[in-house]
Amino acid sequence: MKFSVPIFDVKNLSFIVKEQTILSNISFEIFSAEYIAIIGPNGGGKTTLIRMLLGLEKPTSGEIRIYGKKLSDFKEWHKIGYVSQRASHVDNSFPATVLDIVSMGRTSQRKLFSPLSQDDKELVRDAMQKMDIEDLAHKMIGTLSGGQRQRVMIARALASKPEILILDEPNTGVDIASQKKFYTLLSKLNKEDGITIVFITHDIGVIVDDIARLFTINQKAIICNNPKQTLSCEEMSSLYGIDAHLLHNHKHEH
Amino acid sequence: MFEMFEYDFMQRAFIAGIIIAILASISGTFIVLKRYSLIGETLAHSALLGVAIGLVAEYNPLWMAVIFALFSAWLIEYLRSAFSIYSDAILAILLSGSLALAIIIVSLGGAFNNSLFSYLFGSILSVSSEDIIVISIFGVISLVTLLLFSKEFYFIAYDEEVAKTSGIKVNLLNFLLVSVVAVIIALSIRVVGSLLISALMIIPTISALQFRVGFLKTVIFSLIIALFSVMAGMTISFYFSLPSGATIVMCVLFIFIISLITNRR
Chain S
1 MKFSVPIFDV
11 KNLSFIVKEQ
21 TILSNISFEI
31 FSAEYIAIIG
41 PNGGGKTTLI
51 RMLLGLEKPT
61 SGEIRIYGKK
71 LSDFKEWHKI
81 GYVSQRASHV
91 DNSFPATVLD
101 IVSMGRTSQR
111 KLFSPLSQDD
121 KELVRDAMQK
131 MDIEDLAHKM
141 IGTLSGGQRQ
151 RVMIARALAS
161 KPEILILDEP
171 NTGVDIASQK
181 KFYTLLSKLN
191 KEDGITIVFI
201 THDIGVIVDD
211 IARLFTINQK
221 AIICNNPKQT
231 LSCEEMSSLY
241 GIDAHLLHNH
251 KHEH
Chain U
255 MFEMFEYDFM
265 QRAFIAGIII
275 AILASISGTF
285 IVLKRYSLIG
295 ETLAHSALLG
305 VAIGLVAEYN
315 PLWMAVIFAL
325 FSAWLIEYLR
335 SAFSIYSDAI
345 LAILLSGSLA
355 LAIIIVSLGG
365 AFNNSLFSYL
375 FGSILSVSSE
385 DIIVISIFGV
395 ISLVTLLLFS
405 KEFYFIAYDE
415 EVAKTSGIKV
425 NLLNFLLVSV
435 VAVIIALSIR
445 VVGSLLISAL
455 MIIPTISALQ
465 FRVGFLKTVI
475 FSLIIALFSV
485 MAGMTISFYF
495 SLPSGATIVM
505 CVLFIFIISL
515 ITNRR
């Protein structure tokens with residue numbers, strides 16, 4: 001289902017640093033309840049693109065609109081949940097329980113002069129329940145495994161009741177079993193809760209059945225509207241500049 | 255033991271000391287978590303420059319300390335965000351620059367006397383009734399600001415970028431936090447001294463962090479450690495005629511060592 005106003009409307013976006021082109025003339029739209037995976041080689045500009053969507057970097061040229069508004073006029077940032085690349089690499093000595101971290105998801109929406117309301121606490125509890133970390137609420141973040149930390153970071157993002165979740169390779173340093181659980185959770189959030197997901201990953205073979213579209217970024221963007229059919233070894237090879245062999249997920253038919 | 259409170263100056267020193275312990279420990283928690291521990295040292299030296307100008311020009315040194323510490327805090331934040339200079343290098347440049355200028359000013363003005371010495375190392379004898387009023391007023395404003403924005407400051411300390419993307423006005427709040435820290439340092443140098451105030455901000459939090467507890471408990475532990483150190487330090491300082499700032503810092507260091515030993519892994 002596509003609404004008339006896209007969540008993100010990106011037109012002719014370029015990013016050049018010290019005469020080096022990181023991204024060149026990229027245009028796309030992201031609609032509500034889509035599940036989009038972004039792949040590409042390291043240094044290809046994936047993270048830069050995400051950072052520009054979040055207003056952390058200014059594009060050299062081009063325009064980004066969020067919910068129809070210019071990025072500079074957009075104020076409802078709580079609608080966008082962001083989990084960064086270094087999400088699961090929290091400093092072990094940082095004094096935070098899981099509850100402390102997930103509650104941060106409500107910080108930007110609380111009223112000045114008031115603590116977290118009952119509704120806020122309810123949303124924090126719901127987010128922890130969804131990520132199956134309720135029993136970890138009072139554990140220190142530094143004592144958790146990579147997979148558990150990853151779920152805490154998603155719960156923090158979910159506590160702000162986002163309509164879109166942007167994840168930048170949050171799997172770094174997480175074991176395979178936890179990664180599988182994580183992909184299932186993301187798919188569930190997209191299908192059951194209708195949350196739009198934009199996910200930078202290298203594990204495209206595992207999630208290819210779940211995603212609606214695939215963005216391949218290496219300075220330029222190639223948008224695949226049907227990832228299962230259009231993702232070929234040739235395209236992967238041209239994207240990464242090496243011989244690529246696509247491993248299909250056993251779940252889907254060949 | 256309570257005979258020391260028969261002296262007015264000791265009553266004033268204790269009131270000032272308790273206010274400073276509360277402010278230094280709470281603000282220190284955010285500063286340490288932001289990995290910005292050295293800012294206290296730099297702002298204390300900028301405050302000392304204000305004191306030097308105040309002494310030479312015969313303005314109230316405490317007010318001048320507040321103004322110069324604030325100006326220095328804003329300059330640090332501006333340089334940090336506008337230029338690609340390492341944060342710790344900015345702090346080192348301003349620290350030595352402020353101290354050098356302070357020394358030149360006092361030597362030109364001939365004011366390098368006991369008065370400046372008391373601001374360097376702290377003196378419980380020097381806290382006046384007017385100082386108590388200034389410390390109380392600014393102390394209440396600083397404390398209210400810290401408590402009002404504590405959740406935002408905590409989020410920023412945890413991850414500045416994620417806080418920014420969730421809609422928190424990070425740059426504005428960073429300016430606010432360094433401003434509050436500047437005011438607290440300027441107020442504190444009377445009792446603890448500009449060379450030692452940074453220790454009272456940083457060491458209670460570092461000690462509390464050894465217990466590996468959540469944020470609220472860390473702040474409470476830090477507060478208790480700072481309060482105990484200030485009260486014990488001033489009492490020892492009174493009975494053994496020792497400099498107050500140095501004695502307070504030795505007390506807080508003692509607690510730090512205990513916290514390290516008891517939480518050894």
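First to last, the sequence lines map onto chains S and U.
Once you know that position 131 of the first sequence is 131 in my numbering, the rest is easy, because the numbers rise by one and skip nothing.
Each number in my numbering corresponds to the 1-based position in the second sequence with 254 added.
Glycine residues also receive a C-beta, built at the ideal position from the N, C-alpha and C atoms.
These numbers come from a predicted model, not from an experiment.
Under 8 Å, do residue i and residue j count as touching if we go by C-beta distance?
i                      : j                      : result
residue 8 of chain S   : residue 53 of chain S  : yes
residue 90 of chain S  : residue 149 of chain S : yes
residue 418 of chain U : residue 107 of chain S : no
residue 287 of chain U : residue 411 of chain U : yes
residue 93 of chain S  : residue 463 of chain U : yes
residue 44 of chain S  : residue 166 of chain S : no
residue 323 of chain U : residue 437 of chain U : yes
residue 38 of chain S  : residue 217 of chain S : yes
residue 500 of chain U : residue 450 of chain U : yes
residue 199 of chain S : residue 189 of chain S : no
residue 319 of chain U : residue 480 of chain U : no
residue 377 of chain U : residue 498 of chain U : yes
residue 400 of chain U : residue 285 of chain U : no
residue 196 of chain S : residue 32 of chain S  : yes
What residue does the beta strand (DSSP E) around residue i start on, and which one ends it?
i                      : result
residue 19 of chain S  : Premise fails: residue 19 of chain S is in no beta strand (DSSP E) and is neither H nor E.
residue 63 of chain S  : 61-66
residue 37 of chain S  : 35-39
residue 188 of chain S : Residue 188 of chain S -> not in any beta strand (DSSP E); alpha helix (DSSP H) instead, spanning 176-193.
residue 220 of chain S : 220-224
residue 81 of chain S  : 80-83
residue 196 of chain S : 196-200
residue 168 of chain S : 164-168
What are the boundary residues of the alpha helix (DSSP H) that residue i is part of?
i                      : result
residue 436 of chain U : 424-442
residue 409 of chain U : 404-412
residue 503 of chain U : 498-516
residue 100 of chain S : 98-103
residue 210 of chain S : Segment: none, residue 210 of chain S is in no alpha helix (DSSP H) and carries neither H nor E.
residue 302 of chain U : 293-311
residue 120 of chain S : 118-130
residue 465 of chain U : Neither: residue 465 of chain U is in no alpha helix (DSSP H) and is coded neither H nor E.
residue 149 of chain S : 146-159
residue 48 of chain S  : 46-53
Identify, in the order they occur along the chain, each residue of the same chain with its Cβ nearer than 6 Å to the Cβ of residue i, setting aside the five sequence neighbours on each side.
i                      : result
residue 213 of chain S : 36, 225
residue 202 of chain S : none
residue 282 of chain U : 455, 456, 459
residue 29 of chain S  : 6, 9
residue 392 of chain U : 437, 441
Can you pull the chain S residues whose beta carbon is under 9 Å from the beta carbon of residue i, in chain order?
i                      : result
residue 418 of chain U : 54, 55, 56, 77
Give the interface partners of residue i over in chain S, defined as CB-CB distance under 7 Å, in chain order.
i                      : result
residue 482 of chain U : Near residue 482 of chain U there are no residues of chain S at all, since even the closest Cβ is about 20 Å away, more than 7 Å.
residue 415 of chain U : 56, 84
residue 304 of chain U : Those within 7 Å of residue 304 of chain U in chain S number zero; the least Cβ separation is about 31 Å.
residue 422 of chain U : 107, 108
Spatial neighbours of residue i within its chain, please: CB distance less than 8 Å, with the 5 preceding and 5 following residues excluded, ordered by chain position.
i                      : result
residue 152 of chain S : 98, 101, 102, 131, 133, 136, 141, 144
residue 16 of chain S  : 22, 60
residue 334 of chain U : 341, 344
residue 116 of chain S : 103, 106, 110, 124
residue 533 of chain U : Limits of chain U in this structure are 255 at one end and 519 at the other, which puts residue 533 of chain U out of reach.
May I ask you to report which of helix, strand or coil DSSP gives residue i?
i                      : result
residue 2 of chain S   : Its pLDDT being 49, under 50, residue 2 of chain S is placed unreliably in this model, and the coordinates cannot settle the point.
residue 453 of chain U : helix
residue 490 of chain U : helix
residue 140 of chain S : strand
residue 332 of chain U : helix
residue 29 of chain S  : strand
residue 371 of chain U : helix
residue 396 of chain U : helix
residue 265 of chain U : helix
residue 353 of chain U : helix
So residue i contacts chain S; which residues on that side make the cut at Cβ distance below 8 Å?
i                      : result
residue 287 of chain U : 94, 95
residue 463 of chain U : 93, 95
residue 363 of chain U : The premise fails here: residue 363 of chain U is roughly 45 Å from chain S at the closest Cβ pair, so nothing lies under 8 Å.
residue 307 of chain U : Going along chain S, no residue has its Cβ under 8 Å from residue 307 of chain U, so there is no contact; the nearest lies around 36 Å.
What residues of chain U sit near residue i, judged by a beta carbon separation below 8 Å?
i                     : result
residue 36 of chain S : Simply none; closest approach about 18 Å.
Within a Cβ cutoff of 7 Å, which residues of the same chain sit near residue i, ignoring the five residues on either side of it in sequence?
i                      : result
residue 414 of chain U : 424
residue 321 of chain U : 304
residue 510 of chain U : 457, 460, 461
residue 386 of chain U : 266, 269, 270
List, in order along the chain, the chain U residues whose C-beta lies closer than 9 Å to that of residue i?
i                      : result
residue 16 of chain S  : Near residue 16 of chain S there are no residues of chain U at all, since even the closest Cβ is about 18 Å away, more than 9 Å.
residue 100 of chain S : 408, 412, 468, 469, 470
Residue i touches chain U at which residues, Cβ-Cβ below 7 Å?
i                     : result
residue 65 of chain S : Simply none; closest approach about 17 Å.
residue 48 of chain S : Those do not exist, as residue 48 of chain S stays about 14 Å from chain U at its closest Cβ, beyond 7 Å.
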